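Engineer: Note that the working numbering numbers the sequence shown so that position 96 is 101, with each residue one more than the last. The beta-carbon is built from N, C-alpha and C at its ideal position, and this holds for glycine as well. None of these values were measured; they are calculated from a predicted model. Before I ask anything, here is the structure I am working with.
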Amino acid sequence: MTAPAGRPATRVAYLGPEGTFTHQAALDWARRYAPDGAVVAEPLATVKDVHDAVAADSPAGPPTDGPASPRFGVVAVESSVEGYVVPSLDALLSSADVVAVDEVAIDVSFDAFVRPDHGELTEVSAHPHGLAQCAGFVTSTGLATAPASSNAAACRDAGPGTVALGPTICGELYGLDTYATAVEDFRGGRTRFLVLTRRAVAGAYLERTRAAGETAWKTMLAITPSVTGPGVLARITAAFGDRGVNMSSLITRPLKAQESRYVFVVTFDDAPWAPAAREVLSDLLAAGDSLKTLGLFPAGAGFRTLDGPLDPDHVPVGSVSSADPDPARARGLLW
């Protein structure tokens, strides 16, 4: 695409090829970020490639007209069905210079495709998260599984014996026939994506967001305790509860090659400059923890906040509750 005269194009790298859910998320974000400008979307082979391109901040695709703009990247970080995307999370943890400044959430549904000239079908191919989200359909086919680097790559590279799973757009993009529609196990699944940029660019991006009137924020924070042992996680969670800061997510990642040592990745509902959040950060630092802000982004663009009681159909099978008779609780909890 060509940018309007004198205006830079918005460059955004994403996990390719064309037609991935990440591609859709990247375009959704770019239309919001640069509604009147051109977008140069750069498909890359892996999440690491996207991260490295942002860190290098140099074009990976064809040259663009007009002055250069900062490069952004879009990576999936959490599925409402399969949970966190570990490569994306670990890339942020290991990066000295890349942070998240925005997020996008999109609805996810999978269709199954075959080549028009397909022969005997022998395998089902998709990204590992896609295969997991369509496990019922995969099992029903009786075919072997073939993990791919992305769902769109599975569709692009589908052989004559392959059933490929991916977004609806992949059928038209790659000249495939639709074998089945909406083959995911759970309807209504969504995936959350982070928008990445370099730390040197993040301040200006966030100032622009604040100037646009944004007041509700989410912060993604890595907390590495200096000392582990009984009560360390309780101490960390209490720091948020005591200051009235809502912790909306907590995930544990191992410190590389450090047995039984972990970093806790917390997402909380506030900006780090808010008084209560600053008190939490001060409390954690005073306890000897090492802190790293992985991302700061508006609160309204990600997963929807659900009010009301939890739907019992989505509780893990075999769970017991206070509404169950005592014998059932005992059997369920004590085997």
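Going by Cα to Cα distance, which pick from Ala169, Leu255, Ala276, Pro152 is closest to Glu219?
Structural biologist: The shortest C-alpha separation from Glu219 is found at Ala276.
Engineer: Compare the beta carbon distance of Leu170 and Thr150 with 7 Å and say whether it is the shorter of the two.
Structural biologist: No.
Engineer: Kindly list the residues whose CB is nearer than 8 Å to the CB of Pro148, restricted to its own chain and excluding five residues on each side of it in sequence; keep chain order.
Structural biologist: Rather than Pro, the amino acid found at residue 148 in this sequence is Leu. Leu126, Thr127, Glu128, Val129, Val168.
Engineer: Where are the alpha helix (DSSP H) runs, 4 residues long or more, that stay fully inside the region 159-199, in chain order?
Structural biologist: 174-178, all fully within the region 159-199.
Engineer: Per DSSP, which one or two residues make a beta bridge with Ala256?
Structural biologist: Checking the sequence, you will find Ile at residue 256 rather than Ala. Answer is Val270, bridged to Ile256.
Engineer: Which word fits Asn251, buried or exposed, when buried means at least 16 other C-beta atoms lie within 10 angstroms of its C-beta?
Structural biologist: So Asn251 counts as exposed.
Engineer: Closer than 8 Å is the cut-off here; do at least three beta carbon pairs connect the region 295-306 with the region 227-243?
Structural biologist: Counting Cβ pairs under 8 Å, three or more are found: they touch.
Engineer: Hey, out of Ala209, Ala117, Ala131, Arg248, whose CA is closest to Thr186's CA?
Structural biologist: Nearest option by C-alpha distance: Ala117.
Engineer: On the DSSP letters alone, give me the boundaries of the alpha helix (DSSP H) that Phe26 sits inside.
Structural biologist: 26-38 is the span of the alpha helix (DSSP H), which, as asked, contains Phe26.
Engineer: Only counting the same chain, and skipping five residues up and downstream in sequence, which positions put a Cβ closer than 6 Å to that of Ala163?
Structural biologist: Cβ neighbours of Ala163 beyond the five flanking positions: Arg120, Ala169.
Engineer: Looking only at its chain, what residues have a beta carbon closer than 7 Å to the beta carbon of Tyr38, apart from the 5 residues adjacent to it on each side?
Structural biologist: Cβ within range, chain order: Thr15.
Engineer: Among Ala35, Tyr184, Ala105, Ala221, which has the Cα closest to the Cα of Arg204?
Structural biologist: Nearest of Ala35, Tyr184, Ala105, Ala221 to Arg204, Cα basis: Ala105.
Engineer: Check whether the region 236-250 touches the region 205-214, taking contact to mean three or more Cβ pairs, one atom from each stretch, closer than 8 Å.
Structural biologist: Touching, no.
Engineer: Which residues share a DSSP beta bridge with Asp112?
Structural biologist: Partner(s): Arg195.
Engineer: Can you find the residues in the same chain that come closer than 7 Å, C-beta to C-beta, to Thr257, ignoring five residues on each side of it along the sequence?
Structural biologist: Answer for Thr257: Tyr267, Phe269, listed in chain order.
Engineer: Tell me, please, which residues DSSP counts as bridged to Lys53.
Structural biologist: According to DSSP, which records beta bridges pairwise, Lys53 is partnered with nothing at all.
Engineer: Any contact of the region 89-103 with the region 28-35, i.e. 3+ C-beta pairs under 8 Å?
Structural biologist: Counting Cβ pairs under 8 Å, fewer than three are found: no touch.
Engineer: Going by alpha carbons, who is nearest to Asp54 out of Ser100, Leu286, Pro303?
Structural biologist: Ranking Ser100, Leu286, Pro303 by Cα distance to Asp54 puts Ser100 first.
Engineer: Between which two residues does the beta strand (DSSP E) harbouring Pro378 extend?
Structural biologist: Given that the chain is displayed from residue 6 to residue 340, the structure contains no residue 378 and the question cannot be resolved.
Engineer: With distances taken from CA atoms, which of Leu301, Leu260, Thr27 is nearest Phe273?
Structural biologist: If we check each option's Cα against that of Phe273, Leu301 comes out closest.
Engineer: Leaving out the 5 sequence neighbours to the left and right, which residues in its chain are closer than 6 Å to Ser85 when beta-carbon positions are compared?
Structural biologist: Around Ser85: Gly194, Arg195.
Engineer: May I have the straight-line CA-CA distance separating Leu255 from Val271, to the nearest angstrom?
Structural biologist: Whole-angstrom Cα-Cα distance: 5 Å.
Engineer: How should Thr224 be labelled, buried or exposed, when 16 other C-beta atoms within 10 angstroms of its C-beta is the threshold for buried?
Structural biologist: It is buried - the Cβ of Thr224 has at least 16 other Cβ atoms within 10 Å.
Engineer: Go through its chain and collect everything with a Cβ distance to Asp112's Cβ below 6 Å, but skip five positions before and after it.
Structural biologist: If we look at Asp112 and ignore the five residues flanking it on each side, its Cβ neighbours are Arg195.
Engineer: Any idea if Phe191 is buried or exposed, counting beta-carbon neighbours within 10 angstroms, 16 or more meaning buried?
Structural biologist: Label assigned to Phe191: exposed.
Engineer: Do you know offhand how far Asp62's Cα is from Ser324's?
Structural biologist: Their Cα atoms are separated by approximately 48 Å.
Engineer: DSSP beta-bridge partners for Thr229?
Structural biologist: Partner(s): Ser295.
Engineer: Looking only at its chain, what residues have a beta carbon closer than 7 Å to the beta carbon of Leu290, apart from the 5 residues adjacent to it on each side?
Structural biologist: Same-chain partners within the cutoff: Leu296.
Engineer: Could you give the first and the last residue of the continuous beta strand (DSSP E) run that contains Val80?
Structural biologist: Taken as a continuous stretch (DSSP letters only), the beta strand (DSSP E) holding Val80 covers 76-84.
Engineer: So for Leu136, helix, strand or coil by DSSP?
Structural biologist: Residue state, collapsed to three classes: helix.
Engineer: So, under 8 Å CB-CB, Pro172 and Phe26 are touching, yes? Tell me the CB distance rounded to an integer number of Å.
Structural biologist: The Cβ separation is near 6 Å, so the contact holds.
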